[in-house]
Amino acid sequence: MERRTFVKKSALALGAAATLPSFSIGTPGTSPNSRLNVACIGVGGRGWKSLGDVLQTENVVALCDVDWKQTQHTFKTAAENGYPDLHKIPFFKDYREMFAKMGDQIDAVTVSTPDHHHFPAAMMAIEAGKHILVEKPLTHTVEEARRLREAVNRKGVISQMANQGHATEGIRYIKEWTEAGVLGEVREVVAWVRAHPEDYFRFSPQYPVAAEPIPEGLDWDLWLGPAEERPFSSYYVPRYWRGFWDFGNSSLGDWGCHTLDGPFWALDLGPPTRVSAQTADLNPHQPPAWAKVTFEFPARGSRPPVKLYWHTGTGLGELTHLPHWPVGKQPESQGMAMIGSRETLLTGGRPDSPALLSEAANLELRKNLPPKTIPRIKGGHTTEWLDAIKGNGPMPGSNFNYASALTEMVLLGCIANRTGETLEWDAETGRITNNPALNAYLTKPYRDGWKV
0 MERRTFVKKS ALALGAAATL PSFSIGTPGT SPNSRLNVAC IGVGGRGWKS
50 LGDVLQTENV VALCDVDWKQ TQHTFKTAAE NGYPDLHKIP FFKDYREMFA
100 KMGDQIDAVT VSTPDHHHFP AAMMAIEAGK HILVEKPLTH TVEEARRLRE
150 AVNRKGVISQ MANQGHATEG IRYIKEWTEA GVLGEVREVV AWVRAHPEDY
200 FRFSPQYPVA AEPIPEGLDW DLWLGPAEER PFSSYYVPRY WRGFWDFGNS
250 SLGDWGCHTL DGPFWALDLG PPTRVSAQTA DLNPHQPPAW AKVTFEFPAR
300 GSRPPVKLYW HTGTGLGELT HLPHWPVGKQ PESQGMAMIG SRETLLTGGR
350 PDSPALLSEA ANLELRKNLP PKTIPRIKGG HTTEWLDAIK GNGPMPGSNF
400 NYASALTEMV LLGCIANRTG ETLEWDAETG RITNNPALNA YLTKPYRDGW
450 KV
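Have a look at this one:
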């Protein structure tokens with residue numbers, strides 16, 4: 000069947016969400032109302048985390064993955080963790096087929112795919128009235144993030160981006176300390192990844208990337224999904240796709256929704272008005288080895304303007320020249336610093352363990368913490384999402400209204416990183432105003448059969 004026809008028929012087959020149903024592995028449609036029927040798209044690698052979380056309390060009724068080898072590894076991991084029957088759940092390679100055949104038996108969906116599949120998988124779920132959890136970054140492009148935000152509000156579903164640090168106590172400390180004036184005025188933020196992590200980034204010596212035989216068990220055409228056709232290469236699958244603009248969003252896209260979550264929330268940054276990049280060795284396929292991206296945010300009420308600097312593989316003179324910075328100390332491999340007029344706050348790559356740079360100030364703060372004004376989350380970001388669906392808790396903190404704005408900021412930085420150009424951003428119109436040609440990077444083409 001031609002893909003466009005298949006998708007049209009799939010949409011017609013999607014039913015409304017079933018009544019709240021069901022143990023982890025069960026028969027669809029027979030679950031008690033205390034459990035949800037959940038489908039998991041992408042179950043290898045990071046997908047096991049969301050699947051494993053859901054298995055603890057809900058009824059998983061469908062699994063979808065294009066790589067059978069990765070899926071078998073997940074089955075083995077599940078068996079080692081007390082779920083030996085995971086292989087008995089209905090399994091699909093194509094989530095369009097999954098929705099067409101089982102849409103009326105699904106309440107909620109997790110999406111743990113490469114970035115270029117986030118939007119079509121999530122949008123199909125949302126339009127079918129399914130609650131949705133998507134890995135970070137929320138989408139591959141700015142336009143996709145805005146469309147998902149509009150869709151969840153229109154359909155009234157519960158959404159969550161899986162930047163798990165937003166559910167921690169640590170990020171609540173960051174916001175509480177900032178609002179209590181512990182840092183004073185914050186006008187500068189520095190965040191960094193000292194180099195592209197070798198576990199996830201591999202740079203090709205030639206373009207087009209040399210073709211290799213497709214591994215047994217991998218449906219390469221489905222892995223490509225909405226992306227342009229090309230031969231298979233181990234430079235893409237299973238781990239290195241993040242380093243190609245057609246599939247991922249560089250180290251900034253990989254870590255930005257973690258590392259920048261704390262300052263974005265605590266300082267109420269909102270959209271930047273200007274984003275620029277210093278970099279070299281640009282090519283249209285993969286991110287540069289080093290870059291310094293600068294985000295500029297206007298004053299917000301009584302709060303001053305902020306400049307936020309993101310470094311990949313560059314020096315960090317802004318940090319080592321700070322008061323109280325230990326002589327000779329090098330920044331950790333990943334981290335973030337909010338530089339205030341009184342104190343500087345540091346975190347690692349995630350916002351879960353904040354501390355003040357000055358050890359004396361840090362010890363004094365621990366003796367007299369500001370009041371805990373923000374409710375704490377028990378059980379992590381997946382539990383927060385599931386509880387909200389059941390009416391047992393508030394809207395998740397990284398719901399798509401918040402997550403789309405955070406992702407939009409990060410992806411604008413990726414455009415500057417990708418092009419080496421400066422962007423003047425009008426958030427109200429969603430357009431780059433100083434260089435209209437750059438607006439092409441806000442969206443992307445989709446292969447026939449994958450347009451949602």
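Under numbering that gives the first Met the number 0, residues 0 to 451 are what the sequence shown spells out, in order.
The C-beta atom is built at its ideal place from N, Cα and C for all residues, glycine as well.
(request) Provide the residue span of the alpha helix (DSSP H) that contains H130, from first to last. (result) Here residue 130 corresponds to residue number 131 of the sequence shown, with the count starting at 1. For H130, no alpha helix (DSSP H) run applies; the uninterrupted beta strand (DSSP E) run containing it begins and ends at H130 to V133, by DSSP.
(message) Whole angstroms are fine: how far does the CA of V42 sit from the CA of F91?
(response) Reading the sequence shown from its first residue, position 92 is the one you call residue 91. Reading the sequence shown from its first residue, position 43 is the one you call residue 42. Counting only the Cα atoms, V42 lies some 11 angstroms from F91.
(message) Closest to D245 by C-alpha separation, out of T258, P225 and R238, would be which residue?
(response) Taking the first residue of the sequence shown as position 1, residue 245 is located at position 246. Relative to D245, the option among T258, P225 and R238 whose CA is nearest is P225.
(request) Identify which residue in E126, D447, F118 and V37 has its Cα closest to the Cα of I105. (result) Numbered from 1 along the sequence shown, position 106 holds the residue referred to as residue 105. Taking the Cα of I105 as reference, the smallest distance to any Cα among E126, D447, F118 and V37 is reached at V37.
(request) State the Cα-Cα distance for the pair P304 and M408, rounded to the nearest angstrom. (result) Residue mapping note: residue 304 aligns to position 305 of the sequence shown, counting from 1. Residue mapping note: residue 408 aligns to position 409 of the sequence shown, counting from 1. In a straight line, the C-alpha of P304 is about 16 angstroms away from that of M408.
(request) Check whether the Cβ atoms of I88 and V65 sit closer than 7 angstroms, and answer yes or no. (result) As a first step, residue 88 must be located in the sequence shown, where it is residue number 89. As a first step, residue 65 must be located in the sequence shown, where it is residue number 66. Pairing I88 with V65 gives a Cβ-Cβ distance that is not under 7 angstroms.
(message) Quick check: what's the CA-CA separation for E96 versus L221?
(response) For this step, residue 96 is matched to residue 97 along the sequence shown. For this step, residue 221 is matched to residue 222 along the sequence shown. Each residue's Cα considered, the two are about 12 angstroms apart.
(message) Considering Cα atoms alone, identify which of F294, D386 and L321 is closest to S340.
(response) Here residue 340 refers to the residue found at position 341 of the sequence shown. The shortest Cα separation from S340 among F294, D386 and L321 belongs to L321.
(request) Report all residues from its chain with a CB closer than 8 angstroms to the CB of I24; omit the five preceding and five following residues, and keep chain order. (result) Looking up residue 24 in the sequence shown gives position 25. Residue placement at I24 is flagged as unreliable, the pLDDT there being 39, under the threshold of 50; a coordinate-derived value is accordingly withheld.
(message) If distances are taken between C-alpha atoms only, which option among E197, A290, K328 and T319 comes closest to G312?
(response) As a first step, residue 312 must be located in the sequence shown, where it is residue number 313. Among E197, A290, K328 and T319, the Cα nearest to that of G312 is on A290.
(message) Let's test the definition: count the other Cβ atoms within 10 Å of the Cβ of Q285 and tell me whether it reaches 16, buried, or not, exposed.
(response) Numbered from its first residue, the sequence shown carries residue 285 at position 286. Q285 comes out buried.
(message) Helix, strand or coil for Q69? Go by DSSP, reduced to three states.
(response) For the purposes of this step, residue 69 is taken as the residue at position 70 of the sequence shown. Reduced to three states, the DSSP call for Q69 is helix.
(message) So that I know if they touch, is there some Cβ in chain D lying closer than 7 angstroms to that of S49?
(response) Any reference to chain D falls outside this structure, which holds one protein chain only.
(message) Can you give me the C-alpha to C-alpha distance between R148 and N398, rounded to a whole angstrom?
(response) Position 149 of the sequence shown, counted from the start, is the residue given in the question as residue 148. Position 399 of the sequence shown, counted from the start, is the residue given in the question as residue 398. Each residue's alpha carbon lies about 9 angstroms from the other.
(message) Using CA atoms only, rank isn't needed, just tell me which of G379, Y401, G102 and N367 is closest to D351.
(response) Taking the first residue of the sequence shown as position 1, residue 351 is located at position 352. Per the Cα distances, G379.
(request) If I'm right that L217 touches V236 with Cβ under 8 angstroms, what's the distance once you round it to whole angstroms? (result) Counted from its first residue, the sequence shown places residue 217 at position 218. Counted from its first residue, the sequence shown places residue 236 at position 237. A Cβ-Cβ distance of about 7 angstroms is found for the pair L217 and V236, placing them in contact under the 8 angstroms criterion.
(request) Excluding the 5 residues preceding and the 5 following S332 in the sequence, name in chain order all residues of the same chain whose CB lies nearer than 6 angstroms to its CB. (result) Numbered from 1 along the sequence shown, position 333 holds the residue referred to as residue 332. Result list for S332: R193, in chain order.
(message) Can you give me the C-alpha to C-alpha distance between R446 and I213, rounded to a whole angstrom?
(response) Here the question's residue 446 lines up with position 447 in the sequence shown. Here the question's residue 213 lines up with position 214 in the sequence shown. Roughly 20 angstroms between the two C-alpha positions.
(message) If distances are taken between C-alpha atoms only, which option among K443, I414 and P444 comes closest to I431?
(response) Residue mapping note: residue 431 aligns to position 432 of the sequence shown, counting from 1. When each option's Cα is compared against that of I431, the closest is I414.
(request) In angstroms with no decimal places, state the Cα-to-Cα distance between T537 and T421. (result) In this structure the chain extends from 0 to 451, so residue 537 is not present and cannot be described.
(message) Please tell me whether L356 and T346 are closer than 7 angstroms, where the distance is taken between their beta carbons.
(response) Looking up residue 356 in the sequence shown gives position 357. Looking up residue 346 in the sequence shown gives position 347. No, the pair does not count as a contact, with Cβ atoms beyond the cut-off.
(request) Leaving out five residues on either side along the sequence, give the residues of the same chain with a beta carbon under 6 angstroms from the beta carbon of T29. (result) Position 30 of the sequence shown, counting from 1, holds the residue named residue 29. The predicted position of T29 is uncertain, since its pLDDT is 34 and thus under 50; no value can be drawn from it.
(request) Indicate, with yes or no, if the ligand SAM has a heavy atom lying under 6 angstroms from the CB of R365. (result) With respect to small molecules bound, the structure shown includes none, and the ligand SAM cannot be examined in it.
(message) Between which two residues does the beta strand (DSSP E) holding H310 run?
(response) As a first step, residue 310 must be located in the sequence shown, where it is residue number 311. V305 to T311 is the span of the beta strand (DSSP E), which, as asked, contains H310.
(request) Compare the Cα-Cα distances from N248 to each of D114, I40 and M394 and report the closest residue. (result) Here the question's residue 248 lines up with position 249 in the sequence shown. Measuring from the Cα of N248, the nearest candidate turns out to be D114.
(message) Let me make sure I understand the geometry here. Which of T112, K75, I157 and E423 has the alpha-carbon closest to that of N400?
(response) As a working mapping, residue 400 is identified with position 401 in the sequence shown. When only C-alpha atoms are compared, the closest one is I157.
(request) Please look up how many angstroms separate the CB atoms of L307 and W191, rounded, as I've assumed it's under 8 angstroms. (result) Translated into positions along the sequence shown, residue 307 becomes position 308. Translated into positions along the sequence shown, residue 191 becomes position 192. So it is not a contact: roughly 11 angstroms between Cβ atoms.
(message) Can you look up D389 in the DSSP assignment and give me helix, strand or coil?
(response) Along the sequence shown, one-based indexing puts residue 389 at 390. Strictly speaking, residue 389 in this sequence is Lys, with Asp absent from that position. K389 falls in the helix class under three-state DSSP.
(request) Using the DSSP secondary-structure output, state which residues sit across from Q159 in a beta bridge. (result) Sequence index remark: in the sequence shown, residue 159 carries index 160 (1-based). DSSP lists L132 as partners of Q159.
(message) Tell me which residue opens and which closes the beta strand (DSSP E) that I338 is part of.
(response) Position 339 of the sequence shown, counting from 1, holds the residue named residue 338. For I338, the uninterrupted beta strand (DSSP E) segment begins and ends at Q333 to G339.
(message) Can you give me the C-alpha to C-alpha distance between T272 and F296, rounded to a whole angstrom?
(response) Reading the sequence shown from its first residue, position 273 is the one you call residue 272. Reading the sequence shown from its first residue, position 297 is the one you call residue 296. Using only the alpha carbons, I get a separation of about 6 angstroms.
(request) Counting only the same chain and skipping the five closest in sequence on each side, list residues whose C-beta sits under 8 angstroms from that of G164. (result) Start at 1 with the first residue of the sequence shown, and residue 164 comes out as number 165. Apart from sequence neighbours up to five positions away, the residues of its chain that approach G164 with a beta-carbon distance below 8 angstroms are I170, H257, D260, G261, R349, P350 and D351, ordered along the chain.
(message) Quick check on Y82: does DSSP put it in helix, strand or coil?
(response) Along the sequence shown, one-based indexing puts residue 82 at 83. Coil at Y82, not helix or strand.
(message) Count Cβ pairs between the stretch 196-209 and the stretch 367-387 that sit closer than 8 angstroms; are there 3 or more?
(response) No, the stretch 196-209 does not touch the stretch 367-387.
(request) Tell me T381's beta-bridge partners as DSSP assigns them. (result) As a working mapping, residue 381 is identified with position 382 in the sequence shown. When beta bridges are read from the DSSP output, T381 appears opposite no residue.
(request) Using beta-carbon positions only, say whether L62 and V189 come within less than 7 angstroms of one another. (result) Counting from one through the sequence shown, the residue named residue 62 turns up at place 63. Counting from one through the sequence shown, the residue named residue 189 turns up at place 190. Going by C-beta atoms, L62 is not nearer than 7 angstroms to V189.
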